[in-house]
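For the sequence shown, our numbering assigns the number 20 to the initial residue and increments by one for each residue that follows.
Cβ atoms here follow ideal geometry from the backbone N, Cα and C, with glycine treated the same way.
Shown next, in structure tokens, is the structure this report addresses.
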Amino acid sequence: MTAGGPPRGAASDLPAHARERIAAMRERKLFTSDLSVNEFLLVREVGFEPLGLVMGTSIYQIAATPPALEHGQPGCEMTDMTRALYHARELAMNRMEEEADELGADGIVGVRLEVNLTTDPTRQQWSRYRRWQDWARGVGYTVTSTVLGANWASMWEQIAWQQWAGWCQSMGWALQAPPWSLPRPGDSPMYALGQNVAEFIAVGTAVRHSRGESFKNLRGKPFQSDLTGQEFWTLLQSGYRPVGFVMGNCVYYIPPSLLAAPTFQSVELGPYTHALYDARELAIERLQDEAEALGATGIVGVTVAERQHSFRPMPWNVGNAALSVGEIIELFVIGTAVVPMAGAGAAPRPRLVMTANDPLPKPGGEGE
20 MTAGGPPRGA ASDLPAHARE RIAAMRERKL FTSDLSVNEF LLVREVGFEP LGLVMGTSIY
80 QIAATPPALE HGQPGCEMTD MTRALYHARE LAMNRMEEEA DELGADGIVG VRLEVNLTTD
140 PTRQQWSRYR RWQDWARGVG YTVTSTVLGA NWASMWEQIA WQQWAGWCQS MGWALQAPPW
200 SLPRPGDSPM YALGQNVAEF IAVGTAVRHS RGESFKNLRG KPFQSDLTGQ EFWTLLQSGY
260 RPVGFVMGNC VYYIPPSLLA APTFQSVELG PYTHALYDAR ELAIERLQDE AEALGATGIV
320 GVTVAERQHS FRPMPWNVGN AALSVGEIIE LFVIGTAVVP MAGAGAAPRP RLVMTANDPL
380 PKPGGEGE
């Protein structure tokens, strides 16, 4: 990627416990794997044996500072933030690759790239404050007793606790945790990593060809692939092999003037459309650049994820704040780069299979 960080395969920085775990797996011939039973059998069917679960992580501070654009100017890429987010993922991928290299692997299958974004503590507190207001009004407290104005953050918890303690006593209940402090079904997890901090995690299963044939890429490193065990089996049966997990991204700032729409009129927001179009094009170009650097002839399983990196300071204006401060959007594209295998024959004829199983939920992380 032209805007990215250092190339993969940089100096090793695996922690001591990771090296100890890998050394123990090599010595004991014990493997760990997140492959399902079916995936495990199919990976072995095409001549690979799992060596162990490998991972890499990076905790990265990301400062979202929108540019100062004059009114009427179009959106633009935030190059520094693009590089920071790319570098954070790259560090996690490097460390996963290093673990696989230490195991003597030819590649990594089933790669998952996950991002745990911190939640602004003020916004967390605002969410609990609003839940307390809903509860208090539902049991009969007046609106004026629950609207605390600009100083809500320093006042609401004490008032809420007094109301809850009185309610428990009137109901004959033992004092217990109030409902606004408990997680609800569907709530997003909250990570106390610090403000503007995200954790990037790469996980996969390292594999080695059982007959000693090398499947490493042009850099002499294990290939990486986000294909499932079934997809990996199908790819090799079709005469192709993976050479790497490739990605591209673009962080784009969209000023508020591009978000304004005429009142009571259905019309395309042309400048907004072209801003996101431009961001996707830049991300896909960088994905293709990575694949070409690996000598790939194509990319399979491409997914595009769109993330909002909010910098809005006022949680109570979250719905309309974009009209005054704009949006920061990241387009993130991933896929598996592939090449044809030497001596591969014609691809097998596909057969239609009607499965009776319920579809599995998609794992969390990058991609939509």
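Per DSSP, P290 lies in no beta strand (DSSP E); the unbroken alpha helix (DSSP H) holding it starts and ends at G289 to A312.
Under DSSP, V319 shares a beta bridge with T355.
In terms of Cα proximity to I348, the closest of F219, L255, R305 and L295 is L295.
Under the three-state reduction of DSSP, G75 is assigned to strand. Counting of Cβ neighbours within 10 angstroms places L201 among the exposed residues, the total staying below 16.
DSSP places G223 inside the beta strand (DSSP E), whose first and last residues are V216 to H228. For G94 against Y259, the beta-carbon gap comes to about 38 Å, at or over 8 Å, which does not count as contact. One thing to note: I81 has its Cβ within 7 Å of the Cβ of A103. When Cβ pairs closer than 8 Å are counted between the two stretches, the region 117-128 is seen to touch the region 237-244, the count reaching three or more. Rounded to whole angstroms, A315 and V265 show a C-alpha spacing of 10 Å. In the three-state reduction of the DSSP assignment, V166 falls in the coil class, being assigned neither a helical nor a strand state.
The closest CA to that of S52, considering only E232, S164, L72 and P275, is found on L72. For secondary structure counted as the alpha helix (DSSP H) over 4 or more consecutive residues, the region 226-276 holds these complete runs in sequence order: 248-256. The alpha-carbon separation between F234 and S55 amounts to approximately 23 Å. A direct Cα-to-Cα measurement between A37 and A184 gives close to 49 Å. A direct Cα-Cα distance of roughly 17 Å separates D308 from D297. Bounds of the alpha helix (DSSP H) holding E121 are T98 to E121. Leaving aside the five residues that flank V226 on each side, the residues in its chain whose CB is nearer than 8 Å to its CB run, in chain order, V62, F67, E68, P69, L70, A124, D125, G126, I127 and V128.
For V56, the enclosing alpha helix (DSSP H) starts and ends at V56 to E64.
A straight line joining the alpha-carbon of E96 with that of I273 spans about 9 Å. Of the other Cβ atoms in all chains shown, 16 or more fall within 10 Å of the Cβ of N236; this residue is therefore buried. By the Cβ neighbour-count rule, G168 is exposed, with fewer than 16 other Cβ atoms within 10 Å of its own. Here the C-alpha atom of R45 lies approximately 58 Å from the C-alpha atom of Q92. If the five residues before and after G248 are omitted, its C-beta is found closer than 6 Å to the C-beta atoms of L54, E58, L61 and V62, all from its own chain and listed in chain order.
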